[in-house]
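**Student:**
Number of protein chains: 2
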Amino acid sequence: MTKIKNAFYAQSGGVTAVINATACGVIETVNKTKKINKVLAGQNGILGALNEDLIDTSKESKVNISKLKQTPGGAFGSCRFKLKDPIKQKKEYRRLFEVFNAHDIGFFFYNGGGDSQDTTYKISEMAKMLNFPLKCIGIPKTVDNDLPFTDCSPGFGSVAKYVATSTLEAGLDVKSMAETSTKVFILEVMGRHAGWIAAASCLASNKKEDPPHIILLPEIPFEKRKFINKVKSTIKNNGYCVIVASEGTRTKDGKFLADSGLTDAFGHKQLGGVAPVLAEMISKIGLKNHWAVADYLQRSARHLASKTDLTQAYEVGVQAVKLALKGETGVMPIIKRLKDSPYKWTTSMVSLKDVANIEKTMPKKFITKDGFKITQAGRKYLSPLIRGEADTVYVNGLPDIALLKNIKVKKKLNKVTF
Amino acid sequence: MTKIKNAFYAQSGGVTAVINATACGVIETVNKTKKINKVLAGQNGILGALNEDLIDTSKESKVNISKLKQTPGGAFGSCRFKLKDPIKQKKEYRRLFEVFNAHDIGFFFYNGGGDSQDTTYKISEMAKMLNFPLKCIGIPKTVDNDLPFTDCSPGFGSVAKYVATSTLEAGLDVKSMAETSTKVFILEVMGRHAGWIAAASCLASNKKEDPPHIILLPEIPFEKRKFINKVKSTIKNNGYCVIVASEGTRTKDGKFLADSGLTDAFGHKQLGGVAPVLAEMISKIGLKNHWAVADYLQRSARHLASKTDLTQAYEVGVQAVKLALKGETGVMPIIKRLKDSPYKWTTSMVSLKDVANIEKTMPKKFITKDGFKITQAGRKYLSPLIRGEADTVYVNGLPDIALLKNIKVKKKLNKVTF
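Taken in sequence, the protein lines are chains V and F.
All residue numbers for the first sequence refer to the working numbering, where the first residue is 1 and numbers rise by one.
All residue numbers for the second sequence refer to the working numbering, where the first residue is 1001 and numbers rise by one.
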């Protein structure tokens, strides 16, 4: 009889409000099956495997594992670290398999975006080559919603809900101030290459005159004159103007607006931010404005998570384990939409070979002809993803989060530096 | 028998997540009494009275009036408009009393911060002088928490809860990224003269190593070297650093950090933002960082309102009407703290003569000796104000808000321009 193997799980890239719900889905599913011993979580993503920093999740209480569903950030630490090409540099891969071997790891779950799926694919190929018994499953995660094949990426629905709600709320604020004070409000959101997050702000609007009045997407080249004219006409018609701008807003020649050319007294280039650049343009035409940069707040706002998103994030964790137990490797569970309204979805899977290095940007049919708004087709796609409110438990007025012990497994190998 | 008079209610200055709850308290209390006919709301604050733009709140459904409790922004519009000195310029005051007279207004409720209470006081004095039967009640509101005499200002508890929650959530995010990516996160919050809002972020921390690690307050002069050293030592001890900065952070000579001296290619001065200025300092010492500017999001986030704050905001509206009915004028209801833990409070009142033009900054005993943290005494004061979660109803994944008809009363006077 073969020994029951352990599973390795790690979080990679930018974290989300619900990535820990996926971790919870993986761990709870593993804990239910007798075919996998336990989950060892990599501390700081793949680095945890390379450095043999493995967290023993079986040392955590059931209550704390369950509370991962209500905890933003990456509970085991994440990383931005890309494995080198396995042909050119074998050292990293050799080490990984040494660690997997030393700790009886037979299952590899990697939770991340496009780059991370590339890593998972490479490891799955290497395992086959080495004839090492390892089932490798990628688990989708990214607030950017730019993973291909899956209808949406876990993490996106919650940031979409945050941005739509913030646009609605701040829109009411600026509307009440506009008569004698602030006329224009700019909200900068994430999205360097794809405008999904900014697009989601459209859901705040029910009538033509509702905010947001202007959405700036990386997909649509920024033209200053057209933008300023749109601001002016919005003020004329509505009295105020709410703008939601993707951080990746750029001109026709690909130059990011956030790369503003601003310099300090010493000639040093100023750090980005598209909102202050737009604010300056608007100040120059004499309109009082305010701007906000949501940055990490948008992707960590678990208190406002979409229940749809949370449920899907948990489910891809569950499905990843099930796929591995079925003997699949080099695949990723995905979300498949069955119906827009009422929204129905299921899970399916895709080969990682096809996923790596494809970025899904907004389809043209989701953007209005003038480039400043989202079409009905776009709203139909986005709307179900923000629906439902994920339960949030508060203690002393603040969200109750999982405080894991994160006890590491004893190291068995010598230290290697990378 | 004297005719039953109407009440005038208006919103002034920066709006909050719960100012409409105060409006609701005023309107529902007036609707219950037989001693006041109805509430006419000023469109855009005192301008509504000057321009005879009066909204007939009796045309709204009970349901919509009740929904004001869950609607951020100023439902009748606010204004930044200060009445001129009544001695030097009588035109404005003459007009106000003409409008009050034309529309049978016997009660004046003005909902705002320090400047607005000054307006209310001037009007109450003028009414006495003219022997005009008008009961003038100021109603406290300001996210800045800088009104004197009241234990806290309605609007503050909710922004405090937003900032503490955002610090907790974004802190978990940066903690998980710190190993290979972002090491420092800066959150810029409101507070030009008083640091109450930034201070509230301290509630996110339970242990010494928890974020926020550095709080920058307008009360404590900013010293660059001391700040940079604190960032470095925090990184050394914790691996990451979360900073919450008041927009009013300034150096010893009173210069705002947000007034950064940055210029664009044309030599134009760049618009403020203390977070990007701090980010640049931190980049210069080689630490990868991210920054967020909460701006209007923090004061309009009704979805995360403190129940304590919402209840108090409603109650000062109720009390304002009750004080007027008791014959009081030139006064403001205030919140009085009876006990820290368990938190107990009641309402009281104060003369507007004493309120005008006093700004309550943070007491020294609330700030640690190094100027970067909040003491136990400060936490004791702040903690109860963020407690409890105000009910939020969602429709299609977004907060359900009151959509008022805002039907105006027919004008009876000639137009006057100011």
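Idealized CB from N, CA, C, for every residue including glycine.
(1) Please report whether the beta-carbon of lysine 1360 of chain F lies at a distance below 8 Å from any beta-carbon of chain V.
(2) Is there a Cβ of chain F sitting closer than 8 Å to that of isoleucine 407 of chain V, yes or no?
(3) Taking 7 Å as the limit between beta carbons, can you name the residues of its chain near leucine 1271 of chain F, skipping five residues before and five after?
(4) Asparagine 1111 of chain F by DSSP, collapsed to three states: which one?
(5) Which residues in chain V have a C-beta closer than 7 Å to the C-beta of tyrosine 1296 of chain F? List them in chain order.
(6) So, is leucine 68 of chain V buried or exposed, given that buried needs 16 or more other C-beta atoms within 10 angstroms?
(7) Figure out for me which residue from V:Val395, V:Asp151, V:Cys241 has the closest Cα to the Cα of alanine 1204 of chain F.
(8) Could you tell me which residues DSSP pairs with methionine 1349 of chain F in its beta bridges?
(9) Alpha carbon to alpha carbon, how far is threonine 1180 of chain F from alanine 49 of chain V? Give it in angstroms, no decimals.
(10) Looking at chain F, which residues of the region 61-81 of chain V have a Cβ within less than 9 Å of any of its Cβ atoms?
(11) Could you check what DSSP says for proline 1212 of chain F in three-state terms: helix, strand or coil?
(12) List the residues of chain F that glutamate 389 of chain V touches, going by C-beta distances under 7 Å, in chain order.
(13) Nearest by alpha-carbon distance to phenylalanine 81 of chain V: which of V:Phe256, V:Gly397, V:Gly112 is it?
(14) State the CB to CB distance for the pair alanine 178 of chain V and tyrosine 240 of chain V, rounded to an integer number of angstroms; the pair is presumed to be in contact (CB under 8 Å).
(15) Tell me which residues of the region 1143-1165 of chain F have at least one Cβ-Cβ distance to chain A shorter than 7 Å, keeping chain order.
(16) How about methionine 177 of chain V: is its C-beta nearer than 8 Å to some C-beta of chain F?
(17) Are the C-beta atoms of proline 140 of chain V and some chain F residue less than 8 Å apart?
(18) Going by the CB atoms, is the gap between methionine 1332 of chain F and isoleucine 1046 of chain F shorter than 8 Å?
(19) Which residue's Cα is closest to the Cα of aspartate 85 of chain V: V:Lys122, V:Val244, V:Ile55?
(20) Considering only residues of the same chain and omitting the five flanking positions on each side of cysteine 460 of chain V, which have a CB-CB separation below 7 Å?
(21) DSSP three-state call for leucine 1172 of chain F: helix, strand or coil?
(22) Please identify, using Cβ separations under 7 Å, the residues of the region 1297-1320 of chain F that lie next to chain V, in order along the chain.
(23) Rounded to whole angstroms, what's the CA-CA distance from glutamate 1169 of chain F to cysteine 1202 of chain F? Just pull it up for me.
(24) Would DSSP call tyrosine 9 of chain V helix, strand or coil?
(25) What are the residues of the region 1366-1383 of chain F that lie near chain V, defined by any Cβ-Cβ distance shorter than 8 Å?
(26) By the three-class DSSP mapping on this structure, what secondary structure does leucine 54 of chain V have?
(27) Are the C-beta of proline 1211 of chain F and some C-beta of chain V separated by less than 8 Å?
(28) What are the boundary residues of the alpha helix (DSSP H) that includes proline 1276 of chain F?
(29) Could you check the C-alpha separation between arginine 379 of chain V and asparagine 289 of chain V for me, to the nearest Å?
(30) Around the C-beta of methionine 362 of chain V, are 16 or more other C-beta atoms found within 10 angstroms, so that it is buried, or is it exposed?
(31) Any contact of the region 224-243 of chain V with the region 379-393 of chain V, i.e. 3+ C-beta pairs under 8 Å?
(32) Please determine, among F:Pro1154, F:Asp1210, F:Ile1407, the residue with the shortest C-alpha to C-alpha distance to aspartate 1173 of chain F.
(33) Taking only beta-carbon atoms, is valine 15 of chain V less than 8 Å away from chain F?
(34) Taking Cβ-Cβ distances shorter than 9 Å, what residues in chain V pair up with leucine 1203 of chain F?
(35) Report yes or no: do the region 1280-1295 of chain F and the region 1095-1110 of chain F share at least 3 C-beta pairs separated by less than 8 Å?
(36) Which of the residues in the region 1330-1353 of chain F, read from start to end, lie with their CB under 7 Å from any CB of chain V?
**Tutor:** Short version:
(1) Counting from 1 along the second sequence, the entry for residue 1360 of chain F is found at position 360. No, lysine 1360 of chain F does not count as interfacial toward chain V.
(2) For the purposes of this step, residue 407 of chain V is taken as residue 407 along the first sequence, with counting starting at 1. So no, isoleucine 407 of chain V is outside the interface.
(3) Within the second sequence, numbered from 1, the residue matching residue 1271 of chain F stands at position 271. Because leucine 1271 of chain F sits at a pLDDT of 45, beneath the cut-off of 50, its placement in the model cannot be relied upon, and the following sentence gives the value as read from the coordinates. No residues qualify anywhere along the chain.
(4) As a working mapping, residue 1111 of chain F is identified with position 111 in the second sequence. Three-state DSSP puts asparagine 1111 of chain F in a strand.
(5) Translated into the one-based positions of the second sequence, residue 1296 of chain F becomes position 296. Within 7 Å Cβ-Cβ: Ala170, Asp173, Val174, Phe185, His290, Ala292.
(6) In the first sequence, the residue the question calls residue 68 of chain V occupies position 68. Buried is the call here.
(7) The residue you call residue 1204 of chain F lines up with position 204 of the second sequence. Of the listed residues, the one whose Cα sits closest to alanine 1204 of chain F is V:Val395.
(8) Taking the second sequence and counting its residues from 1, the one referred to as residue 1349 of chain F is at position 349. F:Pro1333.
(9) For this step, residue 49 of chain V is matched to residue 49 along the first sequence. For this step, residue 1180 of chain F is matched to residue 180 along the second sequence. Taking the straight line from one Cα to the other gives about 15 Å.
(10) Thr71, Pro72, Gly73, Gly74, Ala75, Phe76, Gly77, Ser78, Cys79, Arg80, Phe81
(11) Position 212 of the second sequence, counting from 1, holds the residue named residue 1212 of chain F. Looking at proline 1212 of chain F - three-state DSSP - the assignment turns out to be coil, as it is neither helix nor strand.
(12) Here residue 389 of chain V refers to the residue found at position 389 of the first sequence. Ordered by position in chain F, the residues that pass the 7 Å Cβ test against glutamate 389 of chain V are Tyr1394.
(13) Within the first sequence, residue 81 of chain V is the residue found at index 81, counting from 1. For the residues V:Phe256, V:Gly397, V:Gly112, the minimum Cα distance to phenylalanine 81 of chain V belongs to V:Gly112.
(14) For this step, residue 178 of chain V is matched to residue 178 along the first sequence. For this step, residue 240 of chain V is matched to residue 240 along the first sequence. Sure, about 4 Å apart at Cβ, within 8 Å.
(15) Although the question refers to chain A, the structure presented lacks it and instead comprises the protein chains V and F.
(16) Reading the first sequence from its first residue, position 177 is the one you call residue 177 of chain V. Answer yes: the Cβ-Cβ gap between methionine 177 of chain V and chain F drops below 8 Å somewhere.
(17) Counting from 1 along the first sequence, the entry for residue 140 of chain V is found at position 140. Taking Cβ atoms only, chain F never reaches closer than 8 Å to proline 140 of chain V, which makes this a no.
(18) One-based indexing of the second sequence puts residue 1046 of chain F at position 46. One-based indexing of the second sequence puts residue 1332 of chain F at position 332. Cβ distance not < 8 Å, so isoleucine 1046 of chain F and methionine 1332 of chain F don't count as in contact.
(19) Along the first sequence, read from residue 1 onward, the residue named residue 85 of chain V stands at position 85. Considering only alpha carbons, the answer is V:Lys122.
(20) Beyond the ends of chain V as shown, which are 1 and 418, falls residue 460 of chain V; an answer cannot be given.
(21) Working through the second sequence from its first residue, we reach residue 1172 of chain F at position 172. Correct three-state label for leucine 1172 of chain F: helix.
(22) Leu1297, Arg1299, Ser1300, Ala1301, Arg1302, His1303, Leu1304, Ser1306
(23) Locating residue 1169 of chain F in the second sequence gives position 169, counting from the first residue. Locating residue 1202 of chain F in the second sequence gives position 202, counting from the first residue. C-alpha separation (whole angstroms): 13 Å.
(24) Looking up residue 9 of chain V in the first sequence gives position 9. Correct three-state label for tyrosine 9 of chain V: strand.
(25) Ser1383
(26) Stepping through the first sequence from its first residue, residue 54 of chain V is reached at position 54. Reduced to three states, the DSSP call for leucine 54 of chain V is strand.
(27) Taking the first residue of the second sequence as position 1, residue 1211 of chain F is located at position 211. False, the Cβ-Cβ gap to chain V never drops below 8 Å.
(28) Translated into positions along the second sequence, residue 1276 of chain F becomes position 276. Its alpha helix (DSSP H) spans residues 1274-1284.
(29) In the first sequence, residue 379 of chain V corresponds to position 379, counting from 1. In the first sequence, residue 289 of chain V corresponds to position 289, counting from 1. Going by the C-alpha atoms only, they are around 28 Å apart.
(30) Taking the first residue of the first sequence as 1, we reach residue 362 of chain V at position 362. By the neighbour-count rule (16 or more Cβ atoms within 10 Å), methionine 362 of chain V is buried.
(31) no
(32) Residue numbering aside, residue 1173 of chain F sits at position 173 when the second sequence is read from its first letter. Comparing Cα positions, the closest option is F:Asp1210.
(33) The count along the first sequence starts at 1 and reaches residue 15 of chain V at position 15. Taking Cβ atoms only, chain F reaches closer than 8 Å to valine 15 of chain V, which makes this a yes.
(34) Numbered from its first residue, the second sequence carries residue 1203 of chain F at position 203. Near leucine 1203 of chain F (Cβ distances below 9 Å), the residues of chain V are Asn396, Gly397, Leu398.
(35) no
(36) none
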